[in-house]
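Trainee: Residue numbers (our numbering): 24 to 198. Ideal Cβ placement from N, Cα and C applies to all residues, glycine included. The structure is given below, and queries will be raised subsequently.
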């Protein structure tokens, strides 16, 4: 049962909840068929389309080229000192995750308290990244490369090659 909000206290509670929700979703993109970026944040090229339910963290450190398509459920997790650069004509399958940072693993303190290690990710032009793949920091994916679905990419991928698996390994050259 929904109760009506009454009086000043009820209105201020409702406004407080609204501010919390707006703060939470300011980095989440979930507009079907279209995407609204804050122009000062994410730099994107002409013709780029981002499907609904895409999570973007540190948008000021993310550059997306022209005619790129980012499918639903993707996560572009930038970093304070790391950059994600996505070229032109790149295709992201559903639920692709690109993460430009990682926790340290020193044993003398809790994992959650370890320092973050930021890195750069470069995805060159004409790349296809299959569904549910993960791209980790300090990786460069060369022009025309294909990443098979479900892969974890933790090292550089040469141009015009097909990589897949956990971790991603060379499968074949593109013809």
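(1) Could you pull out every residue in the same chain whose Cβ sits closer than 7 Å to the Cβ of residue 96, ignoring the five residues on either side in sequence?
(2) Smallest Cα separation from residue 167: which of 161, 137, 112, 183?
(3) Whole angstroms are fine: how far does the CA of residue 102 sit from the CA of residue 108?
(4) Which residues bound the beta strand (DSSP E) around residue 195?
(5) Whether or not the region 174-181 and the region 153-163 are in contact is what I'm after, with contact meaning three or more pairs of Cβ atoms, one per stretch, closer than 8 Å; do they touch?
(6) State the DSSP-derived secondary structure class of residue 114, mapped to helix, strand or coil.
(7) What did DSSP end up calling residue 172 once you bin it into helix, strand or coil?
(8) Does residue 193 pass the burial test, meaning 16 or more other C-beta atoms within 10 Å, or should it be called exposed?
(9) What residues match up with residue 99 in a beta bridge as DSSP calls it?
(10) Helix or strand or just coil, what does DSSP make of residue 106?
Mentor: On the basis of the data shown:
(1) Translated into the one-based positions of the chain shown, residue 96 becomes position 73. Cβ neighbours of residue 96 within its own chain (closer than 7 Å, five residues either side excluded): 76, 117, 118.
(2) Position 144 of the chain shown holds residue 167. The residue from 161, 137, 112, 183 with its alpha-carbon nearest to that of residue 167 is 183.
(3) On the chain shown, position 85 is the one that residue 108 refers to. On the chain shown, position 79 is the one that residue 102 refers to. So the two alpha carbons sit approximately 12 Å from each other.
(4) Translated into the one-based positions of the chain shown, residue 195 becomes position 172. First-last of the beta strand (DSSP E) with residue 195: 192-196.
(5) Between the region 153-163 and the region 174-181 there are three or more C-beta pairs closer than 8 Å, enough to call the two in contact.
(6) Mapped onto the chain shown, residue 114 falls at position 91. Here residue 114 sits in strand by DSSP.
(7) Reading the chain shown from its first residue, position 149 is the one you call residue 172. In this structure, residue 172 counts as coil in the three-state DSSP scheme.
(8) Taking the chain shown and counting its residues from 1, one reaches residue 193 at position 170. Exposed.
(9) In the chain shown, residue 99 corresponds to position 76, counting from 1. Bridge partners of residue 99: 79, 121.
(10) Against the chain shown, residue 106 aligns to sequence position 83. Shown here, residue 106 sits in coil according to DSSP, grouped into three states, outside any helix or strand.
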